[in-house]
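Participant: Protein chains in written order, with our numbering: chain A, 229 to 488; chain B, 229 to 488. Glycine is no exception: its CB is placed at the ideal position from the N, C-alpha and C atoms. Before anything else, here's the structure in question.
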DNA sequence: AGTTTGTTAGTAGCGCCATAACAACACCAC
DNA sequence: GTGGTGTTGTTATGGCGCTACTAACAAACT
């Protein structure tokens with residue numbers, strides 16, 4: 229079984245339920261229908277607690293209560309539970325982010341639009357997010373290099389194709405033919421093999437992104453010191469800064485000395 | 229302003245952040261960029277706590293950290309934050325519900341497919357969910373009555389149209405012309421005005437749903453005792469039970485004595 | 001009588017909020 | 001330089017609230 233019960237309950241907890249709520253919800257799905265006693269037999273939730281727990285599950289729309297004696301409980305269908313939770317999630321997201329949008333950078337008018345900053349991003353997913361964001365912020369050209377196809381990913385891929393169709397010069401750079409093959413189908417995205425005598429940088433470079441003349445992101449795959457098994461990717465990026473301009477030029481001339 | 233800051237932060241808390249995390253996240257959006265001190269000046273979060281809070285926000289992918297002295301923080305864009313949270317949510321949902329699906333009713337094979345049960349549902353949204361679900365479970369006919377258009381709602385509306393197009397006999401019943409008007413555009417859904425000498429039941433009936441000969445849902449709008457301002461809707465339903473059969477017949481003969 | 005049900009009280013533990021203290025460092029006047 | 005002043009990043013320590021868990025009890029049912 230891919231997911232075991234404890235994992236499932238932990239996930240339910242991360243979705244905002246308490247441990248008891250998760251256990252009772254799962255138990256009611258096992259049972260289909262049951263009384264407080266039934267539930268407490270199948271779980272390690274004390275019977276006396278079942279009443280209040282189901283009550284709060286009812287408030288969340290995950291359980292229905294039958295006012296009989298003894299009280300009968302049933303869990304709503306999985307689809308219904310899921311969509312109820314999703315709806316709640318989106319609702320809370322709206323409330324939170326709508327407000328955040330209104331206050332976006334209401335302080336700090338003293339600092340200019342972009343100051344000299346270099347930012348670190350850790351983790352493969354975060355880095356992909358950031359890269360896709362930067363690709364969309366480019367106005368003229370994008371050059372993206374990746375060691376392997378896993379380091380392209382869906383988000384980045386879509387962003388690259390979008391920009392190419394917007395008329396930007398989009399180039400994908402890789403020694404790995406599998407990466408280049410991703411864009412065999414696309415006319416606007418040029419997939420290029422680097423000159424053999426110039427390795428893209430060190431051997432631990434993961435991905436590199438250049439945009440316009442002043443957008444840059446670069447990641448490395450470090451064998452994490454504490455977790456030797458796991459390859460943790462770390463990146464830094466900078467945009468519209470002096471740093472970025474310099475670094476972009478540096479990388480450009482290294483990577484394709486004749487190209488520009 | 230539709231949403232004020234406290235509301236937004238409460239929403240963030242319901243999305244799984246702590247109070248401090250919510251405050252810091254919002255503050256960083258106000259600031260654009262800032263140090264621990266900057267953040268603590270704009271919020272009531274102690275400076276010494278900002279370090280650990282931002283760290284956990286970084287783990288969630290909501291904040292980026294610049295390793296300089298002093299350390300600089302910035303919040304990721306709203307879209308990015310939102311999609312990161314959404315992804316996490318869907319991931320947890322998958323883990324949780326995938327498991328629940330595997331254990332669905334693994335006990336209780338003794339009880340038959342449907343036993344004699346009547347279920348209570350409280351709250352307008354839940355009732356709409358349940359009604360839509362029941363509409364989709366009908367195989368021959370659906371009759372839905374609502375006091376006002378708000379009590380139809382999107383979910384139910386879609387379900388009704390779906391079933392009508394599946395070839396079921398779908399009838400919408402209401403004294404309110406606005407409700408009937410909803411289906412002026414639809415040939416398969418018949419919108420009918422009840423005979424004037426038969427009120428749909430008491431004056432506090434909210435919606436009624438009949439499906440086949442043995443599916444029934446009925447809601448009332450009770451002026452809640454503790455919250456006089458608010459109209460709390462409560463429903464009960466039953467499906468494929470003797471109760472349902474009897475009640476359906478009862479309602480049918482009351483509502484449209486000549487129709488069948 | 002004996003069991004089950006629904007309700008309430010109460011304790012223990014943990015995570016989060018909040019405050020304080022401290023070494024390391026930067027800045028500045030002299 | 002030297003010493004003073006302030007800031008930064010880190011760590012320790014209570015308090016408080018929520019959750020987990022136990023216990024007890026009146027009412028209803030067998």
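1. Does residue 352(A) get closer than 9 Å to chain B when you measure Cβ to Cβ?
2. Straight-line CA distance for residue 434(B) to residue 447(B)?
3. How is residue 247(B) classed by DSSP in three states: helix, strand or coil?
4. Around the Cβ of residue 257(A), are there at least 16 other Cβ atoms within 10 angstroms (buried) or fewer (exposed)?
5. My output table needs one value for residue 299(A): the three-state DSSP class, helix, strand or coil.
6. For a test of the three-state rule: what should DSSP assign to residue 365(A), helix, strand or coil?
7. Taking DSSP as the reference, what is the three-state secondary structure of residue 230(B)?
8. Using Cβ-Cβ distances below 7 Å, what residues of the segment 234-253 of chain B are close to chain A?
9. Hey, which unbroken runs of the alpha helix (DSSP H) at 4 residues or more fall wholly within the segment 372-397 of chain A?
10. Applying the criterion that 16 or more other CB atoms from any shown protein chain within 10 Å of the CB defines a buried residue, is residue 327(B) buried or exposed?
11. Leaving out five residues before and five after residue 292(A) in sequence, what residues of the same chain have Cβ atoms less than 6 Å from its Cβ?
12. Please list the partners that residue 310(A) has in chain B, where partner means a Cβ-to-Cβ separation under 8 Å.
13. Tell me which residues of the segment 270-289 of chain B have at least one Cβ-Cβ distance to chain A shorter than 8 Å, keeping chain order.
14. Going by DSSP in three states, residue 304(A) sits in which element: helix, strand or coil?
15. Would you kindly check if the distance between the Cβ of residue 360(B) and the Cβ of residue 400(B) is under 9 Å?
16. Taking the straight line between their C-alpha atoms, what separation do you get for residue 457(B) and residue 354(B)?
17. Relative to the C-alpha of residue 245(B), which candidate in 368(B), 262(B) and 289(B) has its C-alpha closest?
18. Counting only beta-carbon separations shorter than 9 Å, does residue 499(B) have a partner in chain A?
19. What's the call for residue 478(B), buried or exposed, on a 16-neighbour Cβ count within 10 Å?
20. Can you give me the start and stop residues for the alpha helix (DSSP H) that residue 438(B) sits inside?
21. From 420(B), 443(B) and 413(B), pick the residue whose C-alpha is nearest to that of residue 347(B); which is it?
22. Just to confirm, are residue 325(A) and residue 323(B) a CB contact at a threshold of 9 Å?
23. Check whether the segment 376-392 of chain A touches the segment 406-417 of chain A, taking contact to mean three or more Cβ pairs, one atom from each stretch, closer than 8 Å.
24. I want to verify the contact list: residues of chain B whose CB lies under 8 Å from the CB of residue 447(A), in sequence order.
25. Looking only at its chain, what residues have a beta carbon closer than 7 Å to the beta carbon of residue 472(A), apart from the 5 residues adjacent to it on each side?
26. Based on Cα-Cα distance, which residue from 416(B), 367(B), 329(B) and 345(B) lies nearest to residue 440(B)?
27. If the criterion is Cβ atoms closer than 9 Å, does the pair residue 421(A) and residue 405(A) meet it?
28. I want to verify the contact list: residues of chain A whose CB lies under 7 Å from the CB of residue 380(B), in sequence order.
29. If I follow the unbroken beta strand (DSSP E) through residue 292(A), where does it start and stop?
30. Checking the sheet assignment: what are the DSSP bridge partners for residue 416(A)?
31. Hey, does residue 294(B) have any beta-carbon neighbour from chain A nearer than 9 Å?
32. Looking at the strands, I want to know which residues DSSP matches up with residue 464(B).
33. Looking at residue 370(B) and residue 358(B), is the spacing between their C-beta atoms short of 9 Å?
34. Please check the pair residue 416(B) and residue 398(B), which I expect to be a contact at CB under 8 Å, by giving their CB distance rounded to whole angstroms.
35. Could you give the distance in angstroms between the alpha-carbon of residue 372(B) and the alpha-carbon of residue 255(B)?
36. So for residue 267(A), helix, strand or coil by DSSP?
Facilitator: If we stick to the structure as given:
1. no
2. 5 Å
3. helix
4. buried
5. coil
6. helix
7. For residue 230(B), the pLDDT reaches just 47, beneath the cut-off of 50, and the residue's location in the model is therefore unreliable, although a value from the coordinates is still provided. If DSSP states are grouped into helix, strand and coil, residue 230(B) belongs with coil.
8. 235, 236, 239, 240, 242, 243 and 244
9. 381-393
10. buried
11. 302
12. 321 and 325
13. 270, 286 and 289
14. coil
15. no
16. Residue placement at residue 457(B) cannot be trusted, given a pLDDT of 44 that sits under 50; the coordinates are not used to answer.
17. 289(B)
18. In the structure displayed, chain B extends from 229 to 488; residue 499(B) sits before or after that span and is not available.
19. exposed
20. From DSSP, residue 438(B) is part of no alpha helix (DSSP H) but of the beta strand (DSSP E) over 433-439.
21. 443(B)
22. no
23. yes
24. Residue 447(A) does not reach chain B, its nearest Cβ partner there being about 14 Å away, counting only Cβ pairs nearer than 8 Å.
25. 442, 443, 444 and 466
26. 367(B)
27. yes
28. By Cβ distance, chain A contributes nothing, its closest Cβ being about 18 Å from residue 380(B), past 7 Å.
29. 291-294
30. Answer is none; residue 416(A) lacks a bridge partner.
31. yes
32. 348(B) and 446(B)
33. no
34. Yes, they are in contact, since the Cβ atoms of residue 416(B) and residue 398(B) sit about 6 Å apart, within 8 Å.
35. Taken atom to atom, the span from the alpha-carbon of residue 372(B) to that of residue 255(B) is near 49 Å.
36. helix
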